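The structure appears below as structure tokens.
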Amino acid sequence: PQLDDPAAEQNRIRQFPEQYPATYELSDVCISSDGAEAQFVRPLMKQTMLEERPLQLVYDANKHGWNPQSFHQRVDGKGSAIVLAKSGSLVVGGYNPKGWSSLGGARPSVASFLFGVFAGELRKLAKLGGGGLACARDDPDYGIAFGPDGLVIALQPGRERLAGSKLGPYYERGPQGETSLFPNGAAQLDSLQVLVGVYRDGEDIPYSGGVTDMTSG
Numbered sequence: 017p018q019l020d021d022p023a024a025e026q027n028r029i030r031q032f033p034e035q036y037p038a039t040y041e042l043s044d045v046c047i048s049s050d051g052a053e054a055q056f057v058r059p060l061m062k063q064t065m066l067e068e069r070p071l072q073l074v075y076d077a078n079k080h081g082w083n084p085q086s087f088h089q090r091v092d093g094k095g096s097a098i099v100l101a102k103s104g105s106l107v108v109g110g111y112n113p114k115g116w117s118s119l120g121g122a123r124p125s126v127a128s129f130l131f132g133v134f135a136g137e138l139r140k141l142a143k144l145g146g147g148g149l150a151c152a153r154d155d156p157d158y159g160i161a162f163g164p165d166g167l168v169i170a171l172q173p174g175r176e177r178l179a180g181s182k183l184g185p186y187y188e189r190g191p192q193g194e195t196s197l198f199p200n201g202a203a204q205l206d207s208l209q210v211l212v213g214v215y216r217d218g219e220d221i222p223y224s225g226g227v228t229d230m231t232s233g
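Position in the sequence shown (from 1) plus 16 gives the number in our numbering.
Have a look at this one:
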């Protein structure tokens, strides 16, 4: 095929979605085994490694604990993951294509995105400036950091439920120029959950270990 062959390009995107920025298009894939949380985030999985893979809920802070140790015990080595957080009627989250492993440092990905409900519509907010610091911290004593400030849920003692968000530097602003996922820039969470793909025994889980920290993602 020619280098500019649209069909060849689409095939490459399907094979290696993590090498491309997030698409705003929503997926219409339905998977019968999806639970309520998976059904909610499923449309967001368009052009990701999880688009057609069953999802499982592996971390629920209200059940497993609002602390980094419980978080990493449940999510490390599971590959691509989607975070779902709720504060009152507000629902926000993000997609981490490289997952977590507690190896320290950042885990880059140009395919990472945040999401929220804007004017009643579920909307992705793409990573800006390449893939660098998409997951800004992968430390065993720290929670979630999409960029240094895009969506941070640090799970630290005394402020376990605190979530902060600043849009613009690392993740794009909302469709009406919103500078945060939260009206006041931060919020106390009522729930925090993480979903990952379901893999067969012995099946390779992409990015389950270390990754190279390069801004190209």
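The beta carbon of each residue, even a glycine, is placed where N, CA and C say it ideally should be. Quick caveat, the model's predicted, so the values are computed rather than measured.
8 Å CB neighbourhood of residue i in its chain, flanking five on each side removed
i: G213; result: M65, L66, R69, P70, L71, Q72, K94, G95, S96 and I221
i: Q204; result: S103, R177, L178 and A179
i: A54; result: I47, P70, L71, Q72, L73 and L211
Beta carbon of residue i nearer than 8 Å to that of residue j
i: A127; j: Y36; result: yes
i: G115; j: L167; result: no
i: L60; j: K143; result: no
i: L130; j: L197; result: yes
i: G148; j: P113; result: no
i: V133; j: L100; result: no
i: P22; j: Q63; result: no
i: V91; j: V74; result: yes
i: L207; j: N78; result: For clarity, residue 207 is Ser in the given sequence; the question names Leu instead. Contact flag set, yes.
Cβ shell of residue i (< 7 Å), same chain only, five flanking positions each side left out
i: G226; result: S117 and L119
i: P191; result: F134 and R139
i: H80; result: S86 and R90
i: I29; result: Y36 and Q63
i: T231; result: Any answer about T231 is weak, because its pLDDT of 40 lies below 50 and its placement is not dependable; what the coordinates show is given next. These residues qualify, in order along the chain: P124, G146, G147 and G148.
i: D229; result: Low per-residue confidence applies at D229: pLDDT is 48, beneath 50, and the placement is therefore not dependable, though the value from the model is reported in the following sentence. Same-chain partners within the cutoff: G121, A122 and P124.
i: L171; result: W82, N83, P84, F87 and G159
Close-in-space but distant-in-sequence residues of the same chain around residue i (CB under 6 Å, 5 per side omitted)
i: D76; result: Q209
i: A152; result: A122, A161, G163 and P164
i: A52; result: none
Limits of the alpha helix (DSSP H) - the one that residue i falls within
i: K102; result: Run containing K102: none in the alpha helix (DSSP H); it sits in the beta strand (DSSP E), A97 to S103.
i: F56; result: A52 to V57
i: Q31; result: P22 to Q31
Residue range of the beta strand (DSSP E) that includes residue i
i: K140; result: E137 to A142
i: N83; result: Where N83 is concerned, there is no enclosing beta strand (DSSP E), given that its DSSP letter is neither H nor E.
i: Q246; result: Any answer about residue 246 is impossible in this case: the structure gives the chain only from 17 up to 233.
i: Q72; result: L71 to D76
i: Y111; result: L106 to N112
i: L130; result: F129 to F134
Contact the region 42–60 vs the region 183–197: 3+ CB pairs below 8 Å = no
Count the CB pairs spanning the region 74–93 and the region 149–163 that are closer than 8 Å, and state whether there are at least three.
-> These segments touch.
Unbroken stretches of the alpha helix (DSSP H), 4 residues or longer, contained in the region 150–215 | Counting only runs of 4 or more, we get nothing.
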